[in-house]
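Residue numbers (the working numbering): 3 to 431.
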Ligand SMILES: Cc1cc2nc3c(=O)[nH]c(=O)nc-3n(C[C@H](O)[C@H](O)[C@H](O)COP(=O)(O)OP(=O)(O)OC[C@H]3O[C@@H](n4cnc5c(N)ncnc54)[C@H](O)[C@@H]3O)c2cc1C
């Protein structure tokens, strides 16, 4: 999404642009597939009404009509019990039993005072002033222990596969600004957006960029067996790939290129038509689990999506998609898909006895680089990169590790790179 957004922006302002993509299709971690009578998302799951750029891109590609609202209900765990809440109605945090009334009060007080000057919630560099402390002590001080342990930790873990304890306060500050936003779903699949964007652009798929070297104000790209020269290159790949590709990075680049990632495995389970969720969870679009709870969040699953409540499809049987924890994804790295399915079904059986015999189909998608980690310092590194990168530099880095760890953040970094090229091209050498 970062590369496509950059390319689309430059192309529409008159630049000649070429996209070199190693996969057979565009989209990267936005990937939709047909499964068990539905189109499911194997990578990015939910756009949000709080996003700034993604909805505009859908609009520009003529796809705005495919955006729908997912059910607002989700479930969180507290001491072995799942509690059904609606984030747009915070009172449900208490009526469901997830938080005590005093914990809800602490959360409300802390969230209101989180205000401050409005910032662009898609731009991680804008949160550099908050990037000074780990999130856990800050959240506990500001919003209380109950909300930190039972709501915020599970949110970070369910969405990004890491814990509040290893995250910067800057990320939580940005997430708090999504209060009142709603989860969306795309009829026909989210990857209809990158595919539509690619149709308007000059895209060469199935080609791997191996090395980029800057020489005499131009960039030499080693693309499979060819060498191609460009005036500018926007390197929109995850940090470890960018680190291999960019020859002789400077100190600012080296800092951001060290970004590490959480892994996950996305497991889809197609259910028998007679199977349905336990009544108490009716209508939830998903379950978010903290790694610190002991019954549900026991090391294997970080989050689950209930497809019928993400996007309803007439007559389609239920599909559950589970996203595994970083530690489980690493543990299963050498195991077969069948083994992963067996372990996941065993995990579900221990919680919903009898469910195993209702699983009729399955699919496994592995993401070694699922989400860039966001420890203290990353927002400041990105901000420094944006401010101090020498103007002669012809390779620009973008992607979610250079911004917020979600699609809208990735797009913002691509648009930043395109703006910078426009600005420098206007000025001339
Ligand atoms: C399971 C999961 C769930 C998620 N859920 C959400 C969600 O609900 N909402 C949300 O907004 N975000 C979500 N995300 C995050 C979101 O998917 C990413 O933040 C976003 O897609 C990253 O976009 P990107 O352009 O930075 O990188 P990528 O999507 O990784 O794109 C990089 C591209 O570079 C290509 N490439 C890599 N190396 C080379 C090379 N050497 N030569 C040529 N091409 C190369 C890749 O093939 C790929 O197409 C989720 C991610 C995962 C994995």
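C-beta atoms are modelled at their ideal positions from N, C-alpha and C, and glycine is treated no differently.
Assigned secondary structure, residue 418 (DSSP; H/G/I helix, E/B strand, else coil): For the purposes of this step, residue 418 is taken as residue 416 along the chain shown, with counting starting at 1. In this structure, residue 418 counts as helix in the three-state DSSP scheme.
Minimum length 4: unbroken alpha helix (DSSP H) runs contained in the region 135-177: 137-145 and 155-162
Residue 211 CB to nearest heavy atom of ligand 1 below 7 Å: In the chain shown, residue 211 corresponds to position 209, counting from 1. Under cutoff, so the answer is yes.
CB of residue 366 within 8 Å of CB of residue 303, strictly: Locating residue 366 in the chain shown gives position 364, counting from the first residue. Locating residue 303 in the chain shown gives position 301, counting from the first residue. Not in contact: residue 366 and residue 303 (Cβ atoms no closer than 8 Å).
Distance, residue 347 Cα to residue 359 Cα: Within the chain shown, residue 359 is the residue found at index 357, counting from 1. Within the chain shown, residue 347 is the residue found at index 345, counting from 1. One C-alpha to the other measures close to 9 Å.
Start and end residues, beta strand (DSSP E) containing residue 35: The residue you call residue 35 lines up with position 33 of the chain shown. Unbroken beta strand (DSSP E) run through residue 35: 34-37.
Residue 378 vs residue 135 beta-carbon contact at 8 Å: Within the chain shown, residue 378 is the residue found at index 376, counting from 1. Within the chain shown, residue 135 is the residue found at index 133, counting from 1. Contact flag set, yes.
Counterpart residues of residue 363 in DSSP-defined beta bridges: If you number the chain shown from 1, residue 363 lands on position 361. Answer is 272.
Residues bridged to residue 325 (per DSSP): On the chain shown, residue 325 is found 323 positions in, with the first residue counted as 1. BP columns for residue 325 point to 268 and 305.
Boundaries (first-last residue) of the beta strand (DSSP E) holding residue 289: Along the chain shown, one-based indexing puts residue 289 at 287. From DSSP, the beta strand (DSSP E) with residue 289 extends over 288-290.
Simplified DSSP assignment, three categories, for residue 293: To locate residue 293, count along the chain shown from 1; it is residue 291. Reduced to three states, the DSSP call for residue 293 is coil.
Contacting residues, own chain, Cβ-Cβ under 6 Å from residue 53 (five flanking each side not counted): Counting from one through the chain shown, the residue named residue 53 turns up at place 51. 410, listed in sequence order.
Residue 201, enclosing alpha helix (DSSP H) - first and last residue: Counted from its first residue, the chain shown places residue 201 at position 199. It spans 194-201 - the alpha helix (DSSP H) in which residue 201 sits, taken as one unbroken run.
Exposed unless 16 or more other CB atoms sit within 10 angstroms - verdict on residue 212: Here residue 212 refers to the residue found at position 210 of the chain shown. Classification of residue 212: exposed, given that the 10 Å Cβ count is below 16.
Identity of the residue in 159, 188 and 369 nearest residue 57 by Cα: What you label residue 57 is simply residue 55 of the chain shown in a count that begins at 1. Selected option, being the one with the closest Cα: 188.
Integer Cβ distance of residue 244 from residue 399, believed to fall under 8 Å: Here residue 244 corresponds to residue number 242 of the chain shown, with the count starting at 1. Here residue 399 corresponds to residue number 397 of the chain shown, with the count starting at 1. Rounded, the Cβ-Cβ distance is 6 Å, consistent with contact.
Contact set for residue 183: own chain, Cβ-Cβ below 6 Å, skip 5 residues either direction: Translated into positions along the chain shown, residue 183 becomes position 181. 50, 51 and 52, listed in sequence order.
Sufficient close CB pairs (3 or more, under 8 Å) joining the region 163-178 to the region 130-144: yes
Closest residue to residue 199 among 107, 413, 428 and 426 (Cα-Cα distance): To locate residue 199, count along the chain shown from 1; it is residue 197. With distances taken between Cα atoms, residue 199 lies closest to 413.
Given residue 421 as reference, the closest of 236, 322 and 264 once Cα atoms are compared: Taking the first residue of the chain shown as position 1, residue 421 is located at position 419. Nearest of 236, 322 and 264 to residue 421, Cα basis: 236.
Outcome for residue 292 when other beta-carbon atoms lying within 10 angstroms are tallied against a minimum of 16: Reading the chain shown from its first residue, position 290 is the one you call residue 292. Residue 292 is buried by the Cβ-count criterion.
Exposed unless 16 or more other CB atoms sit within 10 angstroms - verdict on residue 317: Taking the chain shown and counting its residues from 1, the one referred to as residue 317 is at position 315. The residue in question, residue 317, is exposed, as its Cβ has fewer than 16 Cβ neighbours within 10 Å.
Residue 108 versus residue 141 - alpha carbon distance: The sequence position of residue 108 within the chain shown is 106, counting from 1. The sequence position of residue 141 within the chain shown is 139, counting from 1. Near 10 Å, if we compare the C-alpha coordinates of residue 141 and residue 108.
Contact the region 325-332 vs the region 304-311: 3+ CB pairs below 8 Å: yes
First and last residue of the uninterrupted beta strand (DSSP E) at residue 222: If you number the chain shown from 1, residue 222 lands on position 220. In this chain, the beta strand (DSSP E) harbouring residue 222 covers 220-225.
DSSP beta-bridge partners of residue 215: What you label residue 215 is simply residue 213 of the chain shown in a count that begins at 1. According to DSSP, which records beta bridges pairwise, residue 215 is partnered with 222.
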